[in-house]
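Worksheet: the structure to be examined is printed underneath.
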Amino acid sequence: MTEIMDIVTARDPGQPEFHQAVSEVAESIKPVLDKNPEYRQAKVLERIVEPERIIQFRVPWVDDKGEVQVNRAFRIEMNSALGPYKGGLRFHPSVNISILKFLAFEQTFKNALTTLPMGGGKGGSDFDPKGKSDNEVMRFCQSFMAELYRHIGPNTDVPAGDIGVGAREIGYLFGFYKKLRNEFTGVLTGKGLNWGGSLIRPEATGYGVVYYAAEMLATRNETLEGKTCLVSGSGNVAQYTTEKLLEFGAKIVTLSDSNGYIYDPEGVSQEKLEFVKMLKNVRRGRIKEYAEKYSGAEYVALESGQDHNPLWDYQAHCAFPSATENEINALDAQNLVKNGVKVVAEGANMPTTPDGIDVFLNNGVLFGPSKAANAGGVSVSGLEMTQNSMRLGWNRDEVDNRLQMIMKNIHKTCLDAAEEYGTPQNYMNGANIAGFVKVVDAMLDQGVV
Ligand code: NDP
Ligand code: 2IT
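With my numbering applied, the sequence shown corresponds to residues 1 to 449, in that order.
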């Protein structure tokens, strides 16, 4: 697949994360292109790596000291073959066009796997919400929406949350969109429950990852009951992954943030998890405080420049990377395998490097790639859009049952596609192939647009 990589790297030489995401998909779909020459003829690969539209804009705002701050923001409208652009907004200092293009590219295939009518998009800003007051976050969100509102809409582009964008930010963004457009509509998902949100949306990504892991284990007649699990991150995805793992009888021994991680040999209980939710979502504190409160747990600070992450070096059966991209490298993957890990389900987007994935696949690990395993979040976003269109809200069980059905279906779709193309149990190939075929078939039907 060097041809497409030559094009992508020549056009955008400074976008390593985007190259990484494209390269993985391009490798997986080689046999699909060989079997279907019409895809090559129609230049689907060349088209699918090129965003339909990228919007970049300035976000000026005034901090609490009265000083003017300037951030940079983007919305990548990647692909609308299957529906309105759909995908989260990330507020983090690392945000740049390469990271958002990788996320929008992945989102396109992920959304296809859900079977709901959603295209792919992603956006965000290099704004850092850490240490900012609620008023500062609100002023930033309002300035951000003062530009973004022109480009989005319930049938055009429907953003949601991602790193640094949760219920608080979605509230401020929605409020300002409504004011500017004079329209109360489902333009964002992850909304509050009493103003158009869906039950289970906050939980959906984490719950979905665990449903996916349970499906993978079921292929070996196993369950999560009694399994020791490593979880990274302590935000939305990590919290609800932990919650569902607890419900399934597993033991969770790690959580982390960007400064370090905690190891709790007794396991994170529901009570300790409630403390983490309060700590991270309300007090906006650091995971270090977990070890200060619970004496059985130790805190390990992460140093920059380490060749591996010690969080991945404990005895465990399952790993749930739920923080950020490239948090498991080849050495981490080797440590996980050495310590008995048999299941890796990616809650974060692209948390494993390509050579890390090779280690998992070569060692028979059940590896659930992010675009399949974490699709539960955007699935319930899709269900939120459905409920908004009907002007009706489903109850918890209704949404959770649909989420479970969708995750089961994605698991089977990946398994079947992997089998059909001669790489049984390779969920990465299966997810890439099934997602790709669905998107490009729609592109072919719609002509050269
Ligand atoms: P949150 O902002 O709620 O939490 C992010 C967590 O990851 C925090 O604990 C944060 O630590 C940690 N983290 C962020 N960046 C880094 C970094 N560079 N190095 C180490 N740790 C880091 O975000 P989410 O839980 O929503 O997102 C986590 C991952 O899941 C992301 O990859 C996201 O794209 C993906 N995802 C999210 C979905 C959703 O619905 N929210 C859906 C599907 C995937 P700190 O507090 O120090 O920043
Ligand atoms: O990566 C993701 O799937 C998300 N951040 C959720 C996107 C969404 O539109 O709910």
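We treat Cβ as the ideally placed atom computed from N, Cα and C, and that holds for glycine.
Helix, strand or coil: how does DSSP classify residue i here?
i	result
GLU298	strand
ALA21	helix
ILE436	A small correction: the amino acid at residue 436 is Phe; Ile does not occupy that position in the sequence shown. In this structure, PHE436 counts as helix in the three-state DSSP scheme.
TRP394	coil
ARG402	helix
PHE184	coil
ILE163	coil
THR189	coil
GLY447	coil
THR423	coil
ASP157	strand
VAL344	strand
TYR314	coil
THR352	strand
ASN326	coil
LEU148	helix
ASN79	strand
LEU415	helix
LEU366	strand
What does the alpha-carbon distance come out to for the pair residue i and residue j?
i	j	result
ILE357	ASN309	16 Å
PHE506	TYR39	This structure cannot speak to residue 506, because the chain is shown only from 1 to 449.
LYS288	ALA316	22 Å
THR384	ALA204	As written in the sequence, residue 384 is Glu, which differs from the Thr given in the question. Their Cα atoms are separated by approximately 11 Å.
THR324	THR242	17 Å
GLY206	PHE144	28 Å
PRO369	VAL399	23 Å
PRO37	PRO31	10 Å
TRP312	PHE184	45 Å
LEU273	GLU419	39 Å
PRO104	SER256	Residue identity differs from the one stated: residue 104 is Ala in this sequence, not Pro. Going from the Cα of ALA104 to the Cα of SER256 covers about 25 Å.
ASP64	GLY124	22 Å
LEU45	PRO13	18 Å
THR413	MET407	10 Å
VAL264	GLU298	The sequence as given places Asp at residue 264; Val does not occur at that position. So the alpha carbons of these two residues sit roughly 7 Å apart.
PRO60	ALA431	40 Å
GLY197	GLU169	14 Å
ASN96	ASN221	43 Å
ILE4	ALA26	8 Å
ALA467	GLU136	Nothing about residue 467 can be reported from this structure: the residues present for the chain run from 1 to 449 only.
LYS122	SER80	12 Å
ASP128	ASN236	17 Å
THR9	VAL437	24 Å
ALA291	ARG90	28 Å
PRO454	SER98	Residue 454 lies beyond the residue range present for the chain, which begins at 1 and ends at 449; the question has no answer from this structure.
Just mark residue i as buried or exposed, buried being the case when its beta carbon has 16 or more other beta carbons within 10 Å.
i	result
LEU82	buried
THR353	buried
PRO51	buried
ASP332	buried
ARG139	buried
ALA301	exposed
GLY66	exposed
GLY119	buried
VAL449	exposed
GLY233	buried
PRO321	buried
LYS130	exposed
LYS86	buried
MET278	exposed
GLN107	buried
SER379	buried
LEU392	exposed
Let's see if you can read the secondary structure: which residues bound the beta strand (DSSP E) around residue i?
i	result
LYS371	Run containing LYS371: none in the beta strand (DSSP E); it sits in the alpha helix (DSSP H), 370-373.
LEU331	From DSSP, LEU331 is part of no beta strand (DSSP E) but of the alpha helix (DSSP H) over 330-338.
GLU287	Contrary to the premise, residue 287 reads as Ile rather than Glu in this sequence. ILE287 -> no beta strand (DSSP E), and no H or E assigned at all.
ILE262	260-263
ALA319	318-320
Give the range of the alpha helix (DSSP H) segment to which residue i is assigned.
i	result
LEU255	LEU255 -> not in any alpha helix (DSSP H); beta strand (DSSP E) instead, spanning 251-256.
LEU273	270-277
Unbroken beta strand (DSSP E) runs of length 3 or more, entirely within the region 209-247: which are they?
228-231
Can you list the beta strand (DSSP E) stretches of 3 or more residues lying completely in the region 87-134, in chain order?
120-125
In chain order, each alpha helix (DSSP H) run of at least 4 residues that lies wholly inside the region 30-77
30-35, 37-41 and 44-48
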